[in-house]
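Heads up, the thing below is written out as C-alpha cells.
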Amino acid sequence: MQKTKEVGNNLQKIHDELERRVEERTAELRVALSEIRTLKDKLEAERAYLQEEIKLEHNYENIIGQSDEINHIFYKIEQIACTDTNVLILGETGTGKELVARAIHNLSLRKDRLLVKINCAALPSNLIESELFGHEKGAFTSASVKQLGRFEVANGTTFFLDEIGELPLELQSKLLRVIQDGEFERLGSSRTIKVDVRIVAATNRNLEQEVRDGRFREDLWYRLSVFPITTPPLRDRLEDIPMLVDFYVKKISKRLGKTVDIVPTNVMSTLQSYDWPGNVRELENVLERAVINSAGSKLCLMDELKKREKDSLTVLKTMKAVEREHIIQVLEQTEWRVSGKKGAAEILALPRSTLRARMRKLDICKLNNKR
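Numbering of the sequence shown is given in this note's numbering, commencing with residue 2 and proceeding in unit increments.
Below, the structure is given as C-alpha cells:
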C-alpha cells in the first residue's frame, strides 16, 4: 500500500514537472511568435515604403523615368490629385497621357471607384452622345433598351475623356453644362440627372488653335484648362531611355517566353540617338520587334532608326509650347498681375511661388513690368 502511494506521488511529480515544462515552452513560443509577427509587420512596412519610393522615382503608375521632365510631371500629379479640379493633359501621341490620368485618379479621394474612360475619337459622331449621356428605350431606331451613359456610370469617380479635341462641336455645349452644373438629360428623356464627376481630359491637339479656328468652344476650353499638364515627348528626355528599354525588354521577353537580358552599348546608343516621333509607344513597338528578332540573350534591333531633318520636328514641337502660351494668355488677361485678387496665380489655382517658378522655367517675362 505504501509502495503504491509512493508510485502515485512520483507520477504526480512527473506530471506536474511535464506541465510546468509545457507551460514554459508555450510561453517561450508565444514570445517567439510575437517577435516574428513584429518582424513581419516591420518588413511589410519597409517593403511598402520601398515600393512607394520605387514607384515615385522609377515607375509612378508605369510612368518610368528620372529625368527633370518626368519629375516635374510627378510634382504636378501630386499637386492636383487630391483636389476635384478639372485637369487637361496635353501632349503628343504616345507620351503616356492616360497613365498620367490614372495616376491622378489613384492618388485622389475618388480612388476607391474605378476610373471611367472614353475615347472621343473611337466612336462615330452619331453614337458618342448616347455613350456619354445615355438614352431611353425608343429614343432612336436601334434603342431597344434603356442605356446608362458614361457620366452616370462615373458618378462619384473620375471620368477620363481621351482625345477631347475630337468631340463634335454640337456636343461641346452639353459637356460644358455637365462641367458647370453637374446635370444633363438622357437622349429621349426630359428628366434632369445630377452627377458628381471629376473630369480629366486629354488631347494631342493644340486646343487654343482649335478655338481660333472655330472647332472648339472657347468657354469649354477655359473650363477644362484650369490645370494643364503637358507630357514631354521622348526626344526631350532621352536620359530615360535606358530605364524604359530595361522595363519593356523584360516585359516583352516574359510574354514571348524568351530570355533577352543584354542590351549592347551600340544598340542603346542607337536608341538614344533617334528622335522618336511616335514617342514611348513607338519605342515599345521597336523593342518588341527587336526581342522577336533576337536569337540569343543579346537584343538585336530589327529597325533601321535614322535621324530626321530638324525641319520635320517643327510641327511636333508646337505642343511643348502649349503650357507656356496658356500661362502667357492668362497673364495678359490680368495685365501681368501674378499675385493678389484676380491675379494669374489665383486664376490658374497655383501658389504664387509655383507660378513664378514655372515662368522662370518656361522663360516667361515682361520687360518693364514691376508687378
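Every residue, glycine too, gets a C-beta built ideally from N, C-alpha and C. Nothing here was measured: the structure is a model prediction, and the numbers come from that model.
Within 8 Å, strictly: CB atoms of residue i and residue j
i: I200; j: L162; result: yes
i: F134; j: F185; result: yes
i: N87; j: I180; result: yes
i: E79; j: L108; result: yes
i: R282; j: I71; result: no
i: S191; j: L89; result: no
i: L356; j: R325; result: no
i: E219; j: L188; result: no
i: I328; j: R359; result: yes
i: I64; j: G97; result: yes
i: N207; j: V331; result: no
i: G166; j: E211; result: yes
i: T84; j: L116; result: no
i: A203; j: A102; result: yes
i: V261; j: L302; result: no
i: D197; j: R236; result: no
i: D241; j: S68; result: yes
i: E164; j: C121; result: yes
i: I129; j: L172; result: yes
i: A346; j: P352; result: yes
i: A350; j: F160; result: no
i: T232; j: I365; result: no
i: V264; j: V250; result: yes
i: T335; j: K342; result: no
i: P234; j: N280; result: yes
i: L284; j: L245; result: yes
i: G183; j: K175; result: no
i: L306; j: T266; result: no
For residue i, the first and last residue of its enclosing alpha helix (DSSP H)
i: I328; result: V323 to Q334
i: N63; result: Looking at the DSSP string, N63 is not in any alpha helix (DSSP H), and its letter there is neither H nor E.
i: I263; result: No alpha helix (DSSP H) contains I263, which DSSP labels as neither H nor E.
i: Y249; result: I242 to L257
i: L288; result: N280 to N294
i: H133; result: Checking the sequence shown, residue 133 turns out to be Leu, not His. Residues S126 to F134.
i: E347; result: A345 to I348
Residue i burial status per 10 Å Cβ neighbour count (16 or more: buried)
i: F141; result: exposed
i: T400; result: The structure shown does not extend to residue 400, since the chain is modelled only from 2 through 372, so no value can be given for it.
i: R151; result: buried
i: G215; result: exposed
i: N294; result: exposed
i: D17; result: exposed
i: R213; result: exposed
i: I77; result: The displayed chain sequence assigns Lys, not Ile, to residue 77. Per the 10 Å Cβ criterion, buried.
i: V339; result: buried
i: R111; result: buried
i: A82; result: buried
i: A296; result: exposed
i: L19; result: exposed
i: L34; result: exposed
i: L170; result: exposed
i: G139; result: exposed
i: K318; result: Per-residue confidence for K318 stands at a pLDDT of 48, beneath the threshold of 50, marking its modelled position as unreliable; the derived number appears in the next sentence. Counting Cβ neighbours within 10 Å, K318 comes out exposed, since fewer than 16 surround it.
i: A28; result: exposed
i: Q13; result: exposed
i: L30; result: exposed
i: L168; result: buried
i: L91; result: buried
Residue i - containing beta strand (DSSP E), residue span
i: I365; result: Careful: I365 lies outside any beta strand (DSSP E) and carries neither H nor E.
i: V117; result: V117 to N120
> What are the uninterrupted segments assigned as alpha helix (DSSP H) that are 4 or more residues long and contained completely in the stretch 149-233, given in chain order?
Replying inline: 151-154, 170-182, 208-213 and 219-225, all fully within the stretch 149-233.
>> I want to know whether the stretch 288-308 touches the stretch 255-262 - three or more CB-CB distances under 8 Å.
In response: yes
> Counting only runs that start and end within the stretch 75-101, where is the beta strand (DSSP E) found for 3 or more residues in a row?
Replying inline: 88-91
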